[in-house]
Amino acid sequence: MTDKYRPLKDAFGRFATGIGVAACRDGAGAISAITINSFTSVSLEPPLVLWCLENRASTYSAFIATESYGVSILRADQQAASDRFAHFLPDGPREDEFEKWETGAPILKERLAGFDCKVVARHDAGDHVILVGEVMRFDSVAGAPLIYFASNYMQGTPSR
2 MTDKYRPLKD AFGRFATGIG VAACRDGAGA ISAITINSFT SVSLEPPLVL
52 WCLENRASTY SAFIATESYG VSILRADQQA ASDRFAHFLP DGPREDEFEK
102 WETGAPILKE RLAGFDCKVV ARHDAGDHVI LVGEVMRFDS VAGAPLIYFA
152 SNYMQGTPSR
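Everything in the sequence shown is counted per our numbering, starting at 2 for the first residue and increasing by one.
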């Protein structure tokens, strides 16, 4: 089967991105998590971020219904976590690997940075929805990021 979008995906892939895990609680209180690379800052006042979720994602209904989400930016040594949440493997999100902050959204305990966000807007955009969140709490530590470029993982240079 030929992917008619492969040339466009290849062009988009020439922009290096960091990798994160977005997580929320579904209607039953279970953790829903997905690997993302569309995360970006939007505003400092108020502090806003956004990320994009494909309409066909298995976590779509949980993120559409939630009032909050967490984003955990992955370190260079966390490729396995990225793979787990990207491919929805049987060893999915476990309570013991997440923390709960102000909004109650899950934040990975092991991370380069964390953002606890209250949903302030959702925008339909083609085959995705853009989730805009106000940052209620955040943290960061020094370290090297996990980077995605041209459909491959790379390790960034350690930061201060």
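Positions of the beta carbon are idealized from the N, C-alpha and C atoms, including for glycine.
Note that the structure is a prediction, hence the values are computed from the model and not measured.
Scanning its chain for C-beta atoms nearer than 6 Å, with the 5 sequence neighbours on each side dropped, one finds around V121 the residues V133, E135, in chain order.
Taking each of G157, D11, D128, Y149 in turn and checking the Cα distance to D84, the smallest one comes out for Y149.
Q79 counts as buried, since at least 16 other C-beta atoms from the protein chains shown sit within 10 angstroms of its C-beta. DSSP places R26 in the strand class (E or B) of the three-state scheme. The shortest C-alpha to C-alpha distance from E55 to any of E103, R123, G28, P146 is the one to R123. K119 carries a strand assignment under DSSP once its states are collapsed to helix, strand and coil. Exclusion of the five residues before and after V43 leaves L49, V50, L51, V133 as the residues of its chain whose Cβ lies within less than 8 Å of its Cβ. A58 and R138 have their C-alpha atoms spaced approximately 26 Å apart. Boundaries of the beta strand (DSSP E) harbouring F99: 99 to 101, taken from the DSSP string.
For Y61, the uninterrupted alpha helix (DSSP H) segment begins and ends at 61 to 66.
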